[in-house]
Amino acid sequence: MRIIVPVKQVPETNAVKMDEATGTMIRDGVEAIVNPLDLYAIEIAIRLREAHGGEVLAVSMGPPKAVKAIKEAVAMGCDGGVLVSDKAFAGSDTWATSYVLAQAIKTLGDYQLIICGERATDGDTGQVGPGIAAWLGLPVATYVSKVEGVSGDVCRCRRLIEEGYEVLDVAVPAVLTVVKEVADPRLPTLRGKQKARKLDVHTLGPADMTVRQEYLGLNGSPTRVVRIFRPKVARQCQMVTASDEKSIDQAADALVDFLKQRELI
Amino acid sequence: MEYKGVWILAEQFNGRVQRISHELLTRGLDLAAKRGVALTAIIFGHDIDNGDLRELIDRGADAVIATEAPELANFLPEPYAACMIKLIEEHRPEIVIAGATSTGRTLMPYVAIKTSAGLTADCTVLDIEPETGNLLQTRPAIGGNILATIKTPNHRPQMATVRPRSTQPAPKQSGRQGKITHLKAPPELLGSRITRVDFVPDESEHGLQDADNVVACGRGIKKGENLSLIKDLAGSLDAAIGASRDVVDRGWLSYPHQVGLSGKTVSPKLYLAVGISGTIQHLAGMQTSETVVAINSDPDAQIFRVADFGIVGNLFEVVPVVTSKIKAARESTKN
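For the protein sequence lines, the chains are A and B, in the order given. Under the working numbering, the first residue of the first sequence carries the number 1, and numbering increases by one thereafter. Under the working numbering, the first residue of the second sequence carries the number 1, and numbering increases by one thereafter.
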């Protein structure tokens, strides 16, 4: 079984800056991590490989330093990975990103599953997984909380929706996007880290795949960020201290009054 | 043929139109009025309740297009996308908005690729730019640290998803006129490489996102055994129970209770955070709640930045007192 796991290197959420002119994130100078939900995708992919044999490949689209994300995936247990990187891809929205990832995946040969984290913590859109599926003409199951098994051409999985969960039989090849419930990510192993260190990660650019120039990067993106601003913290917190029996009692009374005022009780 | 019209993607479950559809009508009405165009609700399903379809007109749609087939009873990406793409190609709406629901967040990106549409997820504000008529889409990013306003200048349609519960449902107006069209989905569009084998309902999950009140607990409760405190407090408020990531990671509550960036986003009337420090990732899941109350022993906890009322104290002492006073207050208002 061959499984491809798109992974994204994202900035550590707390300290990111935006380029006001282009509306895209300035990824330099901020600690980069593997998108948390991608760790769950990597984990389930590795477990499926353990059950069925085969290979798990990580693929990441990003600036050159995103090679670190590939290496982290390999340190966890992926067999290898590919970086998709070129200036031409910079500033891509989810439409252009899913396009490039799909075209890159086409160069990697056959696969049974493409498994993505449900969303990335920076863009927060959750659009690239379904986007890749659409570009590749594949079925997609989102919010997968459990992979029950793969048997022949069918992957049976659970999909978490608002009202409960669905049990789906998904024809393979297919795209899955996964949520945390799917599997607890393992830690990288010593052997994995050694393998990752020695790994020469191949970089794919536009010349290595079939792409339409007009679909790439900032110019190829249908959506454009026109303004970025910080949300106003509009709340004034009414604070009370509850340090002894009397003040606890008073604090609780104050809270009840507050809730009554707001018609919450 | 130019692109014209504002569309909303209404949703049904078991044949009944869902509340998100009415919230979308509020958004759609505003945009359609500004563009001076008609508002249409499209919906996919099987044996959709006719009264519910009529209600979409009552609540503001000028037209409803219901595409029905047994294969469309439940959301499946391929048949829904095929039918939606066909409608878009035939009618060329300028704007299509959907809920940022499990359906919307799957169907819209799939359709956006095939129709070369621009799509923006989880919008909190939608507006029309007066000079150009373009749709302005504003949404949070980086865990809610920033807001970004996005445009789709050249591609049509312009698509966006809107967070559930971020809008009031459009009110019913008696005497509204509108046209309901029932379409039978063409069989060649109904193929699906995914089969829905079973569905298992779960009340508790449903509870959290739809709850008016949420009581959420964090690492401050120190161990799973202390959850009884939280359950009592939640009971006193008829509240659903939420959890920070720490609590879920420790196995004290299951993942469906998790509120935050990699959990659920909630915006209840009341969010009561107990023993939650308030990491950015957690705040991203609850900071749009109408009223936020926090109880924490650390006066510098970040949660107080997004709270309207805060108690600094030991939750093990404070919570039982608060619970009994809330119960008493509710008893007395009953009598």
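Glycine included, every Cβ here is placed at the ideal spot set by N, Cα and C.
1. Please classify residue 221(A) as buried or exposed, where buried requires at least 16 other C-beta atoms within 10 Å of its C-beta.
2. Within the continuous alpha helix (DSSP H) that includes residue 301(B), where are the two ends?
3. Kindly indicate if chain B contains any beta-carbon less than 8 Å away from that of residue 90(A).
4. List the residues of chain A whose Cβ lies closer than 7 Å to the Cβ of residue 153(B), in chain order.
5. Residues of chain B with CB closer than 9 Å to the CB of residue 256(A), please, in chain order.
6. Specify the secondary structure class of residue 36(A) as computed by DSSP and reduced to three states.
7. Would you mind sorting residue 227(A) into buried or exposed? The rule is 16 or more other CB atoms within 10 Å of its CB.
8. My guess is that residue 276(B) and residue 244(B) are in contact by the Cβ rule of under 8 Å, so how many angstroms apart are they, rounded?
9. Against chain B, with Cβ distances strictly below 8 Å, would residue 253(A) count as a contact?
10. Beta-carbon separation of residue 147(A) and residue 172(A) under 8 Å?
11. So which residues of chain D does residue 250(B) contact, with C-beta pairs closer than 9 Å?
12. In the DSSP assignment, what residue or residues form a beta bridge with residue 202(A)?
13. Compare the beta carbon distance of residue 112(A) and residue 1(A) with 8 Å and say whether it is the shorter of the two.
14. Under 8 Å between the Cβ atoms of residue 107(A) and residue 204(A)?
15. Give me the chain A residues within the contact set of residue 110(B), using Cβ-Cβ distance strictly less than 8 Å, ordered along the chain.
16. What does the alpha-carbon distance come out to for the pair residue 28(B) and residue 93(B)?
17. Got a sec: is the Cβ-Cβ distance from residue 118(B) to anything in chain A below 8 Å?
18. In whole angstroms, what is the alpha-carbon distance linking residue 13(B) and residue 77(B)?
19. Here's the rule I'm using: 16 or more other beta-carbon atoms within 10 Å means buried, otherwise exposed. How should residue 229(A) be labelled?
20. Thinking just about the alpha-carbon of each residue, which of 188(B), 322(B), 142(B) and 335(B) is nearest to the one in residue 261(B)?
21. Would residue 66(A) count as contacting chain B if we go by Cβ distances under 8 Å?
22. If residue 190(B) sits next to residue 301(B), beta carbons under 8 Å apart, how far is it from one beta carbon to the other, in whole angstroms?
23. Is residue 241(A) close to chain B, meaning its C-beta is less than 8 Å from at least one C-beta of that chain?
24. Would you say residue 341(B) lies against chain A (beta-carbon separation less than 8 Å)?
25. Counting only beta-carbon atoms, is residue 149(A) nearer than 8 Å to chain B?
26. Is residue 122(B) close to chain A? Criterion is C-beta to C-beta, closer than 8 Å.
27. Closer than 9 Å between beta carbons: that is the criterion. Which residues of the segment 143 to 169 of chain A meet it against chain B?
28. Strictly below 8 Å CB to CB, what residues from chain B border residue 171(A)?
Put simply:
1. Within the first sequence, residue 221(A) is the residue found at index 221, counting from 1. Counting Cβ neighbours within 10 Å, residue 221(A) comes out buried, since at least 16 surround it.
2. Here residue 301(B) corresponds to residue number 301 of the second sequence, with the count starting at 1. Residue 301(B) -> no alpha helix (DSSP H), and no H or E assigned at all.
3. If you number the first sequence from 1, residue 90(A) lands on position 90. With 8 Å as the cut-off, residue 90(A) does not count as an interface residue toward chain B.
4. Position 153 of the second sequence, counted from the start, is the residue given in the question as residue 153(B). Around residue 153(B), the beta-carbon contacts reaching into chain A at under 7 Å are 224.
5. Along the first sequence, read from residue 1 onward, the residue named residue 256(A) stands at position 256. Close to residue 256(A), with beta-carbon spacing below 9 Å, are these residues of chain B in chain order: 322, 325, 326, 328 and 329.
6. Along the first sequence, one-based indexing puts residue 36(A) at 36. Shown here, residue 36(A) sits in a helix according to DSSP, grouped into three states.
7. In the first sequence, residue 227(A) corresponds to position 227, counting from 1. Per the 10 Å Cβ criterion, exposed.
8. Counting from 1 along the second sequence, the entry for residue 276(B) is found at position 276. Counting from 1 along the second sequence, the entry for residue 244(B) is found at position 244. Confirmed, about 5 Å.
9. Sequence index remark: in the first sequence, residue 253(A) carries index 253 (1-based). Interface residue, yes.
10. Along the first sequence, read from residue 1 onward, the residue named residue 147(A) stands at position 147. Along the first sequence, read from residue 1 onward, the residue named residue 172(A) stands at position 172. Cβ atoms of residue 147(A) and residue 172(A): not closer than 8 Å.
11. Among the protein chains in the structure shown, which are A and B, there is no chain D.
12. Here residue 202(A) corresponds to residue number 202 of the first sequence, with the count starting at 1. Residue pairing by DSSP places residue 202(A) opposite 82(A) in a beta bridge.
13. Counting from 1 along the first sequence, the entry for residue 112(A) is found at position 112. Counting from 1 along the first sequence, the entry for residue 1(A) is found at position 1. Contact flag set, yes.
14. For the purposes of this step, residue 107(A) is taken as residue 107 along the first sequence, with counting starting at 1. For the purposes of this step, residue 204(A) is taken as residue 204 along the first sequence, with counting starting at 1. At the C-beta level, residue 107(A) and residue 204(A) come within 8 Å of one another.
15. Mapped onto the second sequence, residue 110(B) falls at position 110. Against residue 110(B), the close residues of chain A are 130, 131, 133, 134 and 140, in the order they occur along the chain (beta-carbon pairs closer than 8 Å).
16. Start at 1 with the first residue of the second sequence, and residue 28(B) comes out as number 28. Start at 1 with the first residue of the second sequence, and residue 93(B) comes out as number 93. Approximately 12 Å, taken between the alpha carbons.
17. Your numbering for residue 118(B) matches position 118 in the second sequence. Taking Cβ atoms only, chain A reaches closer than 8 Å to residue 118(B), which makes this a yes.
18. Here residue 13(B) corresponds to residue number 13 of the second sequence, with the count starting at 1. Here residue 77(B) corresponds to residue number 77 of the second sequence, with the count starting at 1. The straight-line gap from Cα to Cα measures roughly 15 Å.
19. Within the first sequence, numbered from 1, the residue matching residue 229(A) stands at position 229. So residue 229(A) counts as exposed.
20. Mapped onto the second sequence, residue 261(B) falls at position 261. Nearest C-alpha to residue 261(B): 142(B).
21. Position 66 of the first sequence, counted from the first residue, corresponds to residue 66(A). Using a Cβ-Cβ cut-off of 8 Å, residue 66(A) does not count as an interface residue toward chain B, since no Cβ of chain B sits closer than that to its own.
22. Numbered from 1 along the second sequence, position 190 holds the residue referred to as residue 190(B). Numbered from 1 along the second sequence, position 301 holds the residue referred to as residue 301(B). Their Cβ separation, rounded to whole angstroms, is 53 Å, which puts residue 190(B) and residue 301(B) out of contact at 8 Å.
23. The sequence position of residue 241(A) within the first sequence is 241, counting from 1. Interface residue, yes.
24. The structure shown does not extend to residue 341(B), since chain B is modelled only from 1 through 335, so no value can be given for it.
25. The residue given as residue 149(A) occupies position 149 in the first sequence. Not closer than 8 Å to any Cβ of chain B, the Cβ of residue 149(A) fails to qualify, so no.
26. Residue numbering aside, residue 122(B) sits at position 122 when the second sequence is read from its first letter. Chain A, which has a Cβ nearer than 8 Å to the Cβ of residue 122(B), makes this yes.
27. Only 143, 145, 154, 156, 158, 159, 160, 161, 162, 163, 164, 165, 166, 167, 168 and 169 from the segment 143 to 169 of chain A bring a Cβ to less than 9 Å from some Cβ of chain B.
28. If you number the first sequence from 1, residue 171(A) lands on position 171. Within 8 Å Cβ-Cβ: 193 and 194.
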